[in-house]
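Heads up: the sequence shown at position 153 corresponds to 138 in our numbering, and the numbers run straight through without jumps.
Cβ coordinates follow ideal geometry from the N, Cα and C atoms, glycine included.
Here's the structure, in structure tokens; my notes come after.
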Amino acid sequence: MLFTDLNIIKPILDALHAEGYSKPTPIQQGAIPFILAGKDLLGCAQTGTGKTAAFAIPMLQLLAKPTNMESRGQRPIRALILTPTRELAIQIQESFNAYGSQLRLKNLVVFGGVNQNPQVDALRRGVDILVATPGRLLDLMSQGHIRLNEIEIFVLDEADRMLDMGFVHDVKRVITKLPSKRQTLFFSATMPQEIQSLANSILHNPEKVEVTPVSSTADTIQQSLYYVNKENKKSLLAYILEDKSIETALVFTRTKHGADKVVKDLNRIGISAEAIHGNKSQNARQRALSNFKSRDTRILVATDIAARGIDVDELTHVINYELPNVPETYVHRIGRTGRAGLSGTSFSFCDAEETAELRDIHKLIGKNIPVEENHPYHTVFTGISKRPAPQQRQQRSSRPQQQGPSANRQRSTNDRQRSFSGRNH
């Protein structure tokens, strides 16, 4: 299927062509026809599936026709996209700018942590599409700068992350200010009971589009598995990062506290690192991401939900400091590298308590991750095959031995452990 098969108007098709897009993703194929038909939509899709374009493209088409109010010189806000973080809000606005480049629609993004005056000035000039984070939106509403009584389309994006970051009550406050007659588009990567209840309360006879989570890893990503005792993970991370060819790396932890602890441990030994998670302010998250993209910070440590929306060009390394509870998350994590045909490398640490998660990952991706034994913290866990399948061993032996850190380091394990002292994770 092509975008030309979805009854999309020529100005948007031309903009998509200019962006190099011709084939819609599964979420776009499923969602765009329903949205163009004016239906409410419940979309279950993770970041990286093309979700933003799935609602931005049909929204632009629905809003492209001038209204009577516009002909009278008025420009009320006709569409609202509510998203949890500044990073996501900015990316959504960039998508609307790209796909709507040949339309006369105006959009604006508002978020906290910055001076509100430029946002207020833009609102006064008139906006068709507003992308907002909950806190700043409610602030501007309370000051009388934003009215939502003319909203035709409302999008709640990353609903499960709203829950994780404690924004659900703010979302409900915003919803009470929307007109009852509207089109509502609801997107979430997961559907816990509280999110399902929220969806049921705001959607009217919705169509449902669900994208099956990805289950395969890109061939361009070189994967390695490190068996290690939990108390040695921080020393193993320091050992890996001694390899100066790893200029930057995105490190994943399960918890916010774990992310902060890894950052402290790395900073202690002179490796620049910052954390990004739900407890950080929007300013702190944006600063950490900007520093990482500019390579002022070598290591960015992130939790899974906070990492949604992170898109770093030419990211070469992803390190799973802790394996995820959900196997599909492993695919999304390492998929941050090896993009656009470029090569990438992923290192995954596995301790004795994570062997069940490892088995689930192997089952999902249909193969065993090659084991790297050439490091000073290698250990063996009973009940787990420590070697890759025969075919993988053959493939691995034919490649240059570059997936692990250099084996020529002379510093002793004890010295390395002393240099990376601190409480265990």
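Own chain residues within Cβ distance below 6 Å of residue i, not counting five before or after
i: Ile62; result: Val112, Leu115
i: Ala39; result: Ile12, Gln13, Ala16
i: Ile354; result: Gln208, Leu210
i: Ser257; result: Thr282, Arg283
i: Leu122; result: none
i: Ala234; result: Ile284, His302, Ile304
i: Ser406; result: Unreliable positioning characterises Ser406 in this predicted model, as indicated by a pLDDT of 38, which lies under 50. The coordinate reading is nonetheless provided below. Contacts found: none.
i: Ser328; result: Thr205
i: Val194; result: Gly15, Ala16, Gly28
i: Thr70; result: none
i: Arg270; result: Ile261
i: Ile231; result: His302
Span of the alpha helix (DSSP H), counted from its first residue to its last, around residue i
i: Ser328; result: Ser328 -> no alpha helix (DSSP H), and no H or E assigned at all.
i: Glu135; result: Per DSSP, Glu135 belongs to no alpha helix (DSSP H) and is neither H nor E.
i: Gly120; result: 119 to 127
i: Ile77; result: 71 to 84
i: Leu(-9); result: Per DSSP, Leu(-9) belongs to no alpha helix (DSSP H) and is neither H nor E.
i: Ile42; result: 36 to 48
i: Asn185; result: 178 to 187
i: Asn102; result: 102 to 110
i: Ile354; result: First-last for Ile354: undefined, no H or E at that position.
i: Ala287; result: Ala287 -> not in any alpha helix (DSSP H); beta strand (DSSP E) instead, spanning 284 to 287.
i: Gly97; result: From DSSP, Gly97 is part of no alpha helix (DSSP H); its letter is neither H nor E.
i: Glu339; result: That residue, Glu339, is in no alpha helix (DSSP H); it is neither H nor E in DSSP.
i: Lys157; result: 153 to 160
i: Ala22; result: From DSSP, Ala22 is part of no alpha helix (DSSP H); its letter is neither H nor E.
i: Thr10; result: That residue, Thr10, is in no alpha helix (DSSP H); it is neither H nor E in DSSP.
N- and C-terminal bounds of the beta strand (DSSP E) containing residue i
i: Glu192; result: 192 to 195
i: Ile66; result: 64 to 67
i: Tyr211; result: 206 to 212
i: Thr169; result: 168 to 173
i: His302; result: 302 to 305
i: Gly28; result: 26 to 29
Counted within 10 angstroms of its Cβ, other Cβ atoms place residue i as buried (16 or more) or exposed
i: Met147; result: buried
i: Gly351; result: exposed
i: Thr(-11); result: exposed
i: Ser331; result: buried
i: Gln104; result: buried
i: Glu143; result: buried
i: Leu(-13); result: exposed
i: Ala3; result: exposed
i: Asp250; result: buried
i: His347; result: buried
i: His360; result: buried
i: Val140; result: buried
i: Ala341; result: exposed
i: Pro309; result: buried
i: Ser321; result: Residue identity differs from the one stated: residue 321 is Arg in this sequence, not Ser. Buried, because 16 or more other Cβ atoms sit within 10 Å of the Cβ of Arg321.
i: Arg318; result: buried
i: Pro51; result: exposed
i: Asn357; result: Inspection of the sequence shows that residue 357 is occupied by Glu rather than by Asn. The residue in question, Glu357, is buried, as its Cβ has 16 or more Cβ neighbours within 10 Å.
i: Glu299; result: exposed
Same chain, Cβ closer than 7 Å to residue i, five either side skipped, listed in chain order
i: Tyr306; result: Lys218, Leu222, Val236, Phe237, Thr238, Val247, Phe334
i: Asn399; result: For Asn399, the predicted model reports a pLDDT of 42, less than 50, meaning its position is unreliable and no value from the coordinates is stated.
i: Gln252; result: The sequence shown places Asn at residue 252, rather than the Gln named in the question. Taken in chain order, the residues that qualify are Ala258.
i: Ile(-7); result: Ile42, Gln46
i: Gln87; result: Pro(-4), Asp(-1), Ala0
i: Thr364; result: Tyr212, Val213, Asn214
i: Leu163; result: Leu133, Ile136, Phe139
i: Asn415; result: Residue 415 cannot be examined here, being either before or after the span of the chain that is shown, -14 to 410.
Closest by C-alpha distance to residue i, when choosing among the options
i: Leu(-9); options: Gly28, Ile261, Asp25, Gln46; result: Gln46
i: Met176; options: Ala184, Ile346, Thr169; result: Ala184
i: Asp204; options: Leu67, Ile138, Gly323; result: Gly323
i: Val94; options: Ser86, Ile66, Arg110; result: Ile66
i: Asp9; options: Ala30, Leu21, Gly35; result: It is worth fixing the name first, because residue 9 is Pro in this sequence and not Asp. When only C-alpha atoms are compared, the closest one is Gly35.
i: His130; options: Ser328, Asn102, Lys278; result: Asn102
i: Thr37; options: His360, Ser80, Ile231, Pro191; result: Ser80
i: Leu21; options: Glu135, Gln168, Ala260, Tyr84; result: Gln168
i: Lys91; options: Arg109, Gly98, Leu1; result: Arg109
i: Glu216; options: Asp336, Gln271, Leu26; result: Asp336
i: Arg89; options: Asn100, Ser127, Leu48; result: Leu48
i: Tyr84; options: Gly98, Gly120, Ala41, Ser230; result: Ala41
i: Asp149; options: Val196, Gly98, Lys265, Asn134; result: Lys265
i: Asp145; options: Gly263, Pro18, Lys229, Phe366; result: Gly263
i: Ile75; options: Arg60, Ser86, Thr118; result: Thr118
i: Gln78; options: Asp298, Met44, Pro51; result: Met44
i: Gly23; options: Asp124, Glu137, Gly120; result: Glu137
Spatial neighbours of residue i in its chain, beta-carbon cut-off 8 Å, leaving aside the 5 residues before and after
i: Ser370; result: Any reading at Ser370 must be qualified, since the residue scores a pLDDT of 46, below 50, and its modelled position is unreliable; no value is offered.
i: Asp25; result: Gln168, Thr169, Leu170, Phe171, Leu188, His189, Asn190, Pro191, Glu192
i: Ser56; result: Confidence in Ser56 is poor, its pLDDT being 48 and thus under 50, which makes the residue's placement unreliable; the coordinate value appears in the next sentence. Around Ser56: no qualifying Cβ.
Threshold first: 3 residues or longer. Then list the beta strand (DSSP E) segments lying entirely within the stretch 200 to 275, N to C. 206 to 212, 234 to 237, 258 to 261
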